[in-house]
């Protein structure tokens with residue numbers, strides 16, 4: 001584990017920028033509430049034991065702009081099912097199969113956990 005979240009935020013982007021995965025800056029892992037990187041965006045530079053009420057069970061696209069693997073969990077505090085690990089640099093307009101609208105926490109690690 002690389003530690004707890006150092007910085008996290010929820011942000012809404014203007015319509016022209018909302019669908020741009022480049023809004024996820026180097027060193028950040030980002031989730032969007034809608035496919036194609038639309039709607040509310042959450043970004044973090046570390047693990048999150050809870051993604052917050054605004055993003056819980058709502059993530060539909062992502063970008064891993066970190067050098068770490070990101071593992072998704074369906075419960076708080078990295079409990080419940082570990083259902084996917086995303087490699088460094090991965091970006092997708094949709095979540096992996098079974099991961100859409102179910103992420104509650106995620107952990108950044110040096111290797112894949114699922």
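Residue numbers (this note's numbering): 1 to 114.
Backbone N, C-alpha and C define an ideal beta-carbon position, used for all residues, glycine too.
Just so you know, these numbers come straight off a predicted model, no measurement behind them.
Buried/exposed call for residue i, threshold 16 Cβ in 10 Å
i	result
residue 79	exposed
residue 37	buried
residue 52	exposed
Residues near residue i in its chain [Cβ-Cβ closer than 7 Å; skip 5 each side]
i	result
residue 24	30, 43, 63, 65
residue 114	71, 82, 83, 84, 85
Reference residue i, options the options, closest by Cα
i	options	result
residue 74	53, 55, 84, 104	104
residue 39	59, 72, 28	59
residue 32	102, 87, 68, 76	102
residue 71	56, 55, 88	88
residue 107	90, 94, 49, 98	49
Proximity of residue i and residue j at Cβ, strictly below 8 Å
i	j	result
residue 61	residue 85	no
residue 19	residue 68	no
Chain-order list of residues whose beta-carbon lies under 6 Å from that of residue i (same chain, five-residue window excluded)
i	result
residue 100	60
Delimiting residues of the beta strand (DSSP E) encompassing residue i
i	result
residue 41	38-44
Closer than 7 Å: residue i CB and nearest the ligand NAD heavy atom
i	result
residue 65	For the structure depicted, the ligand NAD is absent and the ligand set is empty, with no information on it obtainable.
Sequence-distant residues of its chain with Cβ nearer than 8 Å to residue i (five each side left out)
i	result
residue 98	83, 84
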